[in-house]
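Heads up, the thing below is written out as structure tokens.
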Amino acid sequence: MKQGWYSESIEDLCEVEYGTRVVRKRDAGTIYLVYGGGGATFSMDTYNREDRMVIARFAMSKRCVRFVDGKFFLNDSGLTISPLDDNTFDQDFLNYQILSLNDEIYSLARGTAQKNLNVNAFKKVQLSYPASLEEQKQIVAKLDQCFEAIDKARANAAKNLENAKELFQSKLNDIFSQKGEGWVEKKLGDVCSLIKRGIPPKYIETGGIQVVNQKCIRNHKVNLTLARRHNIVLKSVSQEKLIQIGDVLVNSTGVGTLGRVAQVRDSIISDTTVDTHVTIVRPIPDLFFIDFFGYVLIKIEDEITKSGEGASGQTELARTKLQNNFIVSYPTSLEEQKQIVKILDSLKKQTQSLESKYQQELNSLEELKKSILQKAFEGEL
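Structure representation (structure tokens):
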């Protein structure tokens, strides 16, 4: 460690401040956002924190440390820490150091279905700091300057990423809005042979069949590395609920996941089904050039997302609503459908290349932040 620097545990240097349990039904208001270990959930009319670095305590994600600007209410799913002695430890210096320890703090999580912080182990985490309070403030000033530049670069990359996504959606909307002779409009249920949710799985580690869940469906793709296994001995699965090429999978529950769609196009997924949070939408084969049907669903993805009902966190889309409330447009000519797919596939390939480029920029900027923080708290900044 650099000369003039010391290392002590969080419990020796800091006060650990837990959030307060609140209930939406009883405590909800309109003024201050309520945070726990993740993003804001609802609002209240009182606050108990202002401009603080929050550490997740319950239901931890990989991003378990985040700074919240302004006044807010912290519930019991999160905690904050502050220096026991302001003359020894600067709060802003502490905030940056806790941010730098995000991955180490996440490694202290315990549990499988829900990861919770091992608070006793958290209190033993070592903090490094220079004895000089003035040096701490100088480091904070340098980090502020670096992070301001990085945040501007991130904002530009994020905007470029959003523009790339909007480019594809704009072209898709143009094609479906300029429908001409030979196009028809029908309820989604009238052009499908199957619209059904999946099974309540009996999970096992190996064997059985794969089960696609909400997390598997993102960016119009199915990621089978996130699928789990179902024990078909305990519960059989009907043939119709095994995924087929051409099926479109629709996330049908959850805030932030509801409405995501992905078509199975490129390979046969043998012995794979979906759970009860996902709906299989299977087109009538004679009506569609199969790849075109995927774009039909992508076209109405935003409508599906906005059609969920229920309480926050429990939002879902009923099968009957999917069948009856969504009107889809398509040309009856399979050859015209095929030409449209050719155009959209080409554009999608281009926009995905742009998205990959801008996402890599965002990832690189995030790694740069981590590198700068590491140097800062090794005394090398």
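Here the sequence shown is numbered in numbering that gives the first Met the number 0, starting from 0 and rising by one per residue. Positions of the beta carbon are idealized from the N, C-alpha and C atoms, including for glycine. Because the structure is a prediction, the values reported are computed rather than measured.
For residue i, write down the residues that DSSP places opposite it in a beta bridge.
i	result
I279	K195, L248
R217	K220
P330	W182
F72	V33
Y5	Y128
Y202	H229
M43	Y31
E315	T252, E308
Go to residue i, then tell me how far its beta strand (DSSP E) extends in each direction, as first and last residue.
i	result
Q440	The structure shown does not extend to residue 440, since the chain is modelled only from 0 to 380, so the question has no answer here.
E16	13-17
I208	208-211
V33	31-34
D189	Taken as a continuous stretch (DSSP letters only), D189 belongs to no beta strand (DSSP E), as it is neither H nor E.
V273	271-273
Taking the alpha helix (DSSP H) that residue i belongs to, which residues open and close that run?
i	result
E366	333-375
According to the neighbour-count rule (16 or more other Cβ atoms, all chains shown, within 10 Å of its Cβ), is residue i buried or exposed?
i	result
G206	exposed
R259	buried
V67	buried
S8	exposed
G69	exposed
D89	buried
S363	exposed
Y294	buried
T45	exposed
T384	The structure shown has nothing for residue 384, since the chain only spans 0 to 380.
S131	exposed
T256	buried
Y95	buried
P200	buried
R62	exposed
R196	buried
T252	buried
E14	exposed
N74	buried
K298	buried
P384	Because the chain is modelled from 0 through 380, residue 384 falls outside the range shown and cannot be assessed.
I30	exposed
Quick check on residue i: does DSSP put it in helix, strand or coil?
i	result
Q262	strand
F66	strand
L380	coil
G309	coil
R48	strand
S169	helix
L241	coil
G77	strand
V295	helix
I54	strand
L286	helix
R20	coil
I303	helix
N324	coil
Runs of 4 residues minimum, wholly inside the segment 82-106: which ones carry the alpha helix (DSSP H) assignment? Note on the segment 82-106: whole alpha helix (DSSP H) runs with a minimum of 4 residues are 90-99, 101-105, in chain order.
Every unbroken beta strand (DSSP E) inside the segment 107-167 [3 residues or more]: 125-129, all fully within the segment 107-167.
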